[in-house]
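Peer 1: Residue numbers (the numbering used here), protein chains in the order written: chain Y, 303 to 464; chain L, 303 to 464; chain V, 303 to 464; chain B, 303 to 464; chain C, 303 to 464; chain H, 303 to 464. Built from N, CA and C at the ideal position, the CB exists for glycine as well. Sharing a structure, written as structure tokens. Questions coming.
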């Protein structure tokens, strides 16, 4: 019996070791969004969507999504989030297109950052808006989704230049 | 003891009843993507990313994400997906920016469509690429994310006009 | 080598075989509730609870709870629910105690009933109300929780005599 | 392009920030229960329930339920529980009705309390008893469910006056 | 802008399409096991294990594990299991080593087999025995784990030759 | 109304209290494996398995499995793992049987060990290999699965004597 195969190191994936990183307060804010039709916009604002109150449900989806991030992103470390907040803001883009800007804010006291949790929260909220509005048309577009800023941790602060 | 409050109907959310819809073959394809730096692109293609093989992990994340869609999107019906496939394609955008186009394809025999599962699969793959590459810079942008097409069901086929 | 121990049959638990039951439309309605203080009631109705819109979040919790029933109740069969709906109604009980009555309604086309899903939905909504209001006092009481009625399946219809 | 809509602040839900709360030992005990028929009671005690050993399964459901609390209650913080224990006690109520009293006890070293985990544990155990006994009749009633006491944290100790 | 990279087809993973397979009754039985010390054996049989009734908990873990198979095995299709049963049998191996044989049996009416569900159920039960007994020594060995037989589906019946 | 039944203490299961254990760095390594046919071996190594790159997917399954351990093993404490790594190595056993040895390595800073996480990671990887290769024959055998070593914690270090 002899070892005769050595796996290609390129094929390796790992959840990298963070046990020597220190517990500090870390925050991250991310942004996503969704562009919807005038009809979808009106139903959201008037509360006449047949699946219910779109933004209330999307907000819950964003918060619960943040908590499930390490279940969705395979190499992401589990974290005990200390706070999650989701904000919405409408922007009219053209005559008949409306963009819902979604901003998430996540905090943790832990030894790795919460960038992925913030991105996942904003994304889950956007997907939920799509789901609740898709009976009015499937031409909606989600994104762009990106990190706004982060604080804490050895890599220091980050602020996206828009 | 008297009832005296009636909840505002606007506030209601529900998982709408689909019990009278028929079981048919349904498919959906969605697209997401992520724009990364030249360094991130090179590490992905050369297999030198420290967290491992980025696209292999992202593909698994997309497939498992599709299966968890009804856990992520509150008003989404649970479905027993019969197939999920994820494709990647690189497009050079500028001198030093590379866009990874992510296409998901989902099938089911069931009584509601799989648009959300396709969108979720593509999104989970994109978020996973972000996670695995973020040590090379956090300026990546995810999206746009949208439905390419769907077939089956009472509402008929849909094909996005690009 | 000899077999010498036979497990006590009493200790056995199983997810009973339902493969010979037929797929039919099945419904169930359950009720739970929570008795809260006047302050908690006022904050819910005025929308001044610091954790947010209590009933909107509780409704989402009830619906997502119904979908997770087989993950919570060990011997419960997984089911693809076709619809879930949650209703709230306030009843004043005494000068300073308010009871929120929570009614869930669940539908499925499947080979086992949805009684547990209805009970779980109503319960998850009640627990969520407790969570969101507990900063105003922990004396709230949840329940009673019971099945209102069910239809479909071999065991026939059930309607609770109040 | 101008911002023109401002979401109603009432509609906001958030997982409140607890990052400035200190890690201390916290405990909570909660009680739920279920009233069952004489037949159900007899089958539980004699171990002749067709789904298996009711209280053994309910105890596991209570413990695993406690660990999943932040997945069930949307605004609940994830916590690494350090201990969960579930106790059962029968009380005869009338000639042919038996009440199973379910007491849960949860401990954590963390920066928020475990009241919801204790309530969820007791509730999950009660729902499991219902599930395993429902073939003997659906007239069972779950509850009342309430917090018995808690210790630790800034808000101090709580002990319910019965 | 030009496509210039084509992913290596070898790197592809997919949840293969089973939408053209027919719904039939399918069963599978698998076996795992664990070899434990005399002390662990005695504590299990005498009910003196400090974590509780080992086999009762392991049985629940096996059943709930079967239901979560598609969450654990990335390319596994979600299935609505119609029945799961777990059996234990002790075999004395040597003077001071005891082997607990664990047999799982899973049924489904569906369009793909339940081999993985049966293997996962038996495995989850074995891991749970390890967890509950590990304070008495960590030299336990799990396995071998294999499929005993399967019925139903296009690939026909299988029976392992021992 | 009188208490008249006292549950058999033997039947009790609990998630034992670890709140007085100290947070230290803890590691564990476990081993599992799977014996496959020459055809399965060849398809894995040549990348011609129809479900995709077997070892890449198995590695992801092992890592995500480690993170879900407390969801799979009922009395297992939730832990925030700081690192997970999975290694594969082939050993030829006979002319036409190949054994894939799977070694997992898990780290945590916490108040209980990660033996179960390491065992679960190795097992999930082995089950995933079975799933992806089972179309080439179902005679594969998983195991033996055991703990290689652990460090940290009050019970001290452990190293299995092979």
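Could you give the distance in angstroms between the alpha-carbon of residue 377 of chain V and the alpha-carbon of residue 413 of chain C?
Peer 2: On the third chain, position 75 is the one that residue 377 of chain V refers to. On the fifth chain, position 111 is the one that residue 413 of chain C refers to. So the alpha carbons of these two residues sit roughly 23 Å apart.
Peer 1: Mapping the DSSP letters down to three states, classify residue 328 of chain Y as helix, strand or coil.
Peer 2: Within the first chain, numbered from 1, the residue matching residue 328 of chain Y stands at position 26. Three-state DSSP puts residue 328 of chain Y in a strand.
Peer 1: Between the beta-carbon of residue 415 of chain L and the beta-carbon of residue 370 of chain L, is there less than 8 Å?
Peer 2: Counting from 1 along the second chain, the entry for residue 415 of chain L is found at position 113. Counting from 1 along the second chain, the entry for residue 370 of chain L is found at position 68. Cβ atoms of residue 415 of chain L and residue 370 of chain L: not closer than 8 Å.
Peer 1: Between which residues of its own chain and residue 418 of chain H is the CB-CB distance below 6 Å, once the five residues before and five after are set aside?
Peer 2: Here residue 418 of chain H corresponds to residue number 116 of the sixth chain, with the count starting at 1. Once the five neighbours on either side are set aside, the close Cβ partners of residue 418 of chain H are 371, 375, 378.
Peer 1: Does the structure place the region 443-451 of chain H close enough to the region 431-445 of chain C that three or more beta carbon pairs sit under 8 Å?
Peer 2: Touching, per the Cβ criterion.
Peer 1: Could you name the residues of the same chain whose beta carbon sits closer than 7 Å to that of residue 363 of chain Y, not counting the 5 residues immediately before and after it, in chain order?
Peer 2: Taking the first residue of the first chain as 1, we reach residue 363 of chain Y at position 61. So the qualifying residues of the chain are 426, 427, 430.
Peer 1: Measuring straight from C-alpha to C-alpha, what distance separates residue 321 of chain C and residue 324 of chain V?
Peer 2: Within the fifth chain, numbered from 1, the residue matching residue 321 of chain C stands at position 19. Within the third chain, numbered from 1, the residue matching residue 324 of chain V stands at position 22. Between residue 321 of chain C and residue 324 of chain V, the C-alpha separation is close to 21 Å.
Peer 1: Under 8 Å between C-beta atoms, does residue 450 of chain B make it to chain H?
Peer 2: On the fourth chain, position 148 is the one that residue 450 of chain B refers to. No, because no Cβ of chain H sits closer than 8 Å to the Cβ of residue 450 of chain B.
Peer 1: Who does residue 387 of chain B pair with in a DSSP beta bridge?
Peer 2: Numbered from 1 along the fourth chain, position 85 holds the residue referred to as residue 387 of chain B. According to DSSP, which records beta bridges pairwise, residue 387 of chain B is partnered with B:407.
Peer 1: Have a look at residue 406 of chain V and residue 401 of chain B and give me their C-alpha separation to the nearest angstrom.
Peer 2: Position 104 of the third chain, counting from 1, holds the residue named residue 406 of chain V. Position 99 of the fourth chain, counting from 1, holds the residue named residue 401 of chain B. One C-alpha to the other measures close to 24 Å.
Peer 1: Please return the same chain residues whose Cβ sits closer than 7 Å to the Cβ of residue 421 of chain V, not counting the five positions on each side in sequence.
Peer 2: In the third chain, the residue the question calls residue 421 of chain V occupies position 119. If we look at residue 421 of chain V and ignore the five residues flanking it on each side, its Cβ neighbours are 332, 447, 449.
Peer 1: Going along chain D, which residues have a C-beta under 9 Å from residue 421 of chain V?
Peer 2: Reference to chain D is not applicable here, since the protein chains of this structure are Y, L, V, B, C and H.
Peer 1: Give every residue of the same chain whose Cβ lies closer than 6 Å to the Cβ of residue 410 of chain V, excluding the five residues on either side of it in the sequence, and list them in chain order.
Peer 2: On the third chain, position 108 is the one that residue 410 of chain V refers to. Around residue 410 of chain V: 328, 381, 383, 384, 416.
Peer 1: Does the Cβ of residue 457 of chain B have 16 or more other Cβ atoms within 10 Å, making it buried, or fewer, making it exposed?
Peer 2: Mapped onto the fourth chain, residue 457 of chain B falls at position 155. Exposed, by the Cβ-count rule.
Peer 1: Does the distance from the CB of residue 318 of chain H to the CB of residue 436 of chain C come in under 8 Å?
Peer 2: For the purposes of this step, residue 318 of chain H is taken as the residue at position 16 of the sixth chain. For the purposes of this step, residue 436 of chain C is taken as the residue at position 134 of the fifth chain. Cβ atoms of residue 318 of chain H and residue 436 of chain C: not closer than 8 Å.
Peer 1: Give me the chain V residues within the contact set of residue 354 of chain B, using Cβ-Cβ distance strictly less than 8 Å, ordered along the chain.
Peer 2: One-based indexing of the fourth chain puts residue 354 of chain B at position 52. 313, 314, 315, 316, 377, listed in chain order.
Peer 1: What distance in whole Å lies between the Cβ atoms of residue 336 of chain H and residue 432 of chain H, which are believed to be in contact at a cut-off of 8 Å?
Peer 2: In the sixth chain, residue 432 of chain H corresponds to position 130, counting from 1. In the sixth chain, residue 336 of chain H corresponds to position 34, counting from 1. Residue 432 of chain H to residue 336 of chain H, Cβ: 6 Å. Contact.
Peer 1: Got a sec? Which residues, its chain only, sit under 7 Å from residue 395 of chain H by beta carbon, not counting five neighbours each side?
Peer 2: Along the sixth chain, read from residue 1 onward, the residue named residue 395 of chain H stands at position 93. Only 337, 401 meet the Cβ criterion.
Peer 1: On the three-state DSSP scale, how would you describe residue 317 of chain B?
Peer 2: Locating residue 317 of chain B in the fourth chain gives position 15, counting from the first residue. In this structure, residue 317 of chain B counts as strand in the three-state DSSP scheme.
Peer 1: Please list the terminal residues of the continuous alpha helix (DSSP H) segment that includes residue 422 of chain B.
Peer 2: Translated into positions along the fourth chain, residue 422 of chain B becomes position 120. Element bounds for residue 422 of chain B: 417-435.
Peer 1: Taking a contact to mean a Cβ-Cβ separation below 8 Å, would you say residue 315 of chain C touches residue 361 of chain L in this structure?
Peer 2: On the fifth chain, position 13 is the one that residue 315 of chain C refers to. On the second chain, position 59 is the one that residue 361 of chain L refers to. Cβ atoms of residue 315 of chain C and residue 361 of chain L: closer than 8 Å.
Peer 1: Of all the options H:423, H:351, H:339, H:403, which has the alpha carbon lying nearest to the alpha carbon of residue 368 of chain H?
Peer 2: As a working note, residue 368 of chain H is residue 66 in the sixth chain. Ranking H:423, H:351, H:339, H:403 by Cα distance to residue 368 of chain H puts H:423 first.
Peer 1: What does the Cβ neighbour count give for residue 398 of chain C, buried or exposed, with the cut at 16 atoms within 10 Å?
Peer 2: Residue 398 of chain C sits at position 96 when you count from the first residue of the fifth chain. So residue 398 of chain C counts as exposed.
Peer 1: What does residue 381 of chain B reach in chain Y if we use C-beta pairs closer than 7 Å?
Peer 2: For the purposes of this step, residue 381 of chain B is taken as residue 79 along the fourth chain, with counting starting at 1. Here the neighbours are 382.
Peer 1: Taking only beta-carbon atoms, is residue 460 of chain V less than 8 Å away from chain B?
Peer 2: In the third chain, the residue the question calls residue 460 of chain V occupies position 158. Interface residue, yes.
Peer 1: Can you tell me which of Y:455, Y:343, Y:462, Y:461 puts its alpha carbon nearest to the alpha carbon of residue 391 of chain Y?
Peer 2: The count along the first chain starts at 1 and reaches residue 391 of chain Y at position 89. Among Y:455, Y:343, Y:462, Y:461, the Cα nearest to that of residue 391 of chain Y is on Y:343.
Peer 1: Relative to the C-alpha of residue 393 of chain C, which candidate in C:438, C:403, C:386 has its C-alpha closest?
Peer 2: Against the fifth chain, residue 393 of chain C aligns to sequence position 91. Here the closest residue by C-alpha is C:403.
Peer 1: I want to see whether chain Y comes within less than 8 Å of residue 359 of chain V, judged by CB atoms only; does it?
Peer 2: One-based indexing of the third chain puts residue 359 of chain V at position 57. Output row for residue 359 of chain V: interface = yes.
Peer 1: Taking a Cβ distance cut-off of 8 Å, strictly less, list which residues of the region 388-420 of chain C are near chain V, in chain order.
Peer 2: For the region 388-420 of chain C, which is checked against every Cβ of chain V, the residues closer than 8 Å are 388, 389, 390, 391, 392, 393, 394, 395, 409, 410, 411.
Peer 1: Could you pull the start and end residues of the alpha helix (DSSP H) that residue 453 of chain V belongs to?
Peer 2: Taking the third chain and counting its residues from 1, one reaches residue 453 of chain V at position 151. Note, residue 453 of chain V: premise wrong, no alpha helix (DSSP H); beta strand (DSSP E) at 448-453.
Peer 1: What three-state label does DSSP hand residue 439 of chain H in the structure shown?
Peer 2: For this step, residue 439 of chain H is matched to residue 137 along the sixth chain. It is coil, neither helix nor strand.
Peer 1: What separation, rounded to the nearest whole angstrom, lies between the Cα atoms of residue 355 of chain B and residue 355 of chain C?
Peer 2: Here residue 355 of chain B corresponds to residue number 53 of the fourth chain, with the count starting at 1. Here residue 355 of chain C corresponds to residue number 53 of the fifth chain, with the count starting at 1. Cα-Cα distance, rounded: 11 Å.
Peer 1: Which value, in whole angstroms, describes the spacing of the CA atoms of residue 373 of chain B and residue 365 of chain V?
Peer 2: Here the question's residue 373 of chain B lines up with position 71 in the fourth chain. Here the question's residue 365 of chain V lines up with position 63 in the third chain. If you take the alpha carbons of residue 373 of chain B and residue 365 of chain V, they lie about 13 Å apart.
Peer 1: Please name the residues in the region 365-376 of chain C whose beta-carbon is closer than 7 Å to at least one beta-carbon of chain V, in chain order.
Peer 2: Cβ contacts with chain V: 365, 366, 369.
Peer 1: State the Cα-Cα distance for the pair residue 459 of chain Y and residue 330 of chain Y, rounded to the nearest angstrom.
Peer 2: Position 157 of the first chain, counted from the start, is the residue given in the question as residue 459 of chain Y. Position 28 of the first chain, counted from the start, is the residue given in the question as residue 330 of chain Y. Whole-angstrom Cα-Cα distance: 10 Å.
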